[in-house]
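Step one of this worksheet: look at the structure below.
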Amino acid sequence: RGGFVSTALRAGTPIVPCSIVGAEEIYPMIGNAKTLARLLGFPYFPITPTFPWLGPLGALPLPTKWTIQFGEPIPTDGYPPEAAEDPMLMFNLTDQVREQIQHTLYKLLVQRRS
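Numbers 835 to 948, taken from this note's numbering, label the letters of the sequence shown in order.
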């Protein structure tokens, strides 16, 4: 966790939070075949209205409307590259990004019409 913060600190580039609403609907999941996932070595095996029932055609995503919003960049150029080794700074920056994304997601979900 926090690899993106470490990379941004080492490169001295800002972190730009990105919030996306709608992507989760391209494959509506109605179940999870945990035993099959374990046998195949997958973290999960989704059961959707179309997959695995329609074979390869069931893997085609459904058309959905996405809303993508970029947040205010979080500057990292004020830190030296070795700041990437500071676990507390990593935690704080990761938490700041997570909170900004979550806040934006809540706003986007409230504004959503469909």
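Glycine is no exception: its CB is placed at the ideal position from the N, C-alpha and C atoms.
Please read these numbers as outputs of a predicted model, since none were measured by experiment.
Short Cβ contact (8 Å threshold) for residue i with residue j
i, j, result
"GLY892", "THR898", "no"
"GLY836", "MET924", "yes"
"PRO909", "PRO848", "yes"
Whole-number beta carbon distance between residue j and residue i, since they are thought to touch under 8 Å
i, j, result
"VAL850", "PRO907", "5 Å"
Nearest to residue i (by Cα), restricted to the options the options
i, options, result
"ILE935", "TYR878, PHE904, GLN945, ALA842", "PHE904"
"TRP900", "SER840, LEU942, PHE838", "LEU942"
"GLU859", "LEU894, LEU873, VAL944", "LEU894"
Residues of its chain near residue i, where Cβ-Cβ distance is below 8 Å and the 5 sequence neighbours each way are ignored
i, result
"THR938", "PRO851, SER853, GLN903, GLY905"
"ILE999", "Coverage of the chain is limited to positions 835 through 948, which leaves residue 999 absent and any answer about it impossible."
Close-in-space but distant-in-sequence residues of the same chain around residue i (CB under 6 Å, 5 per side omitted)
i, result
"TYR913", "LEU843"
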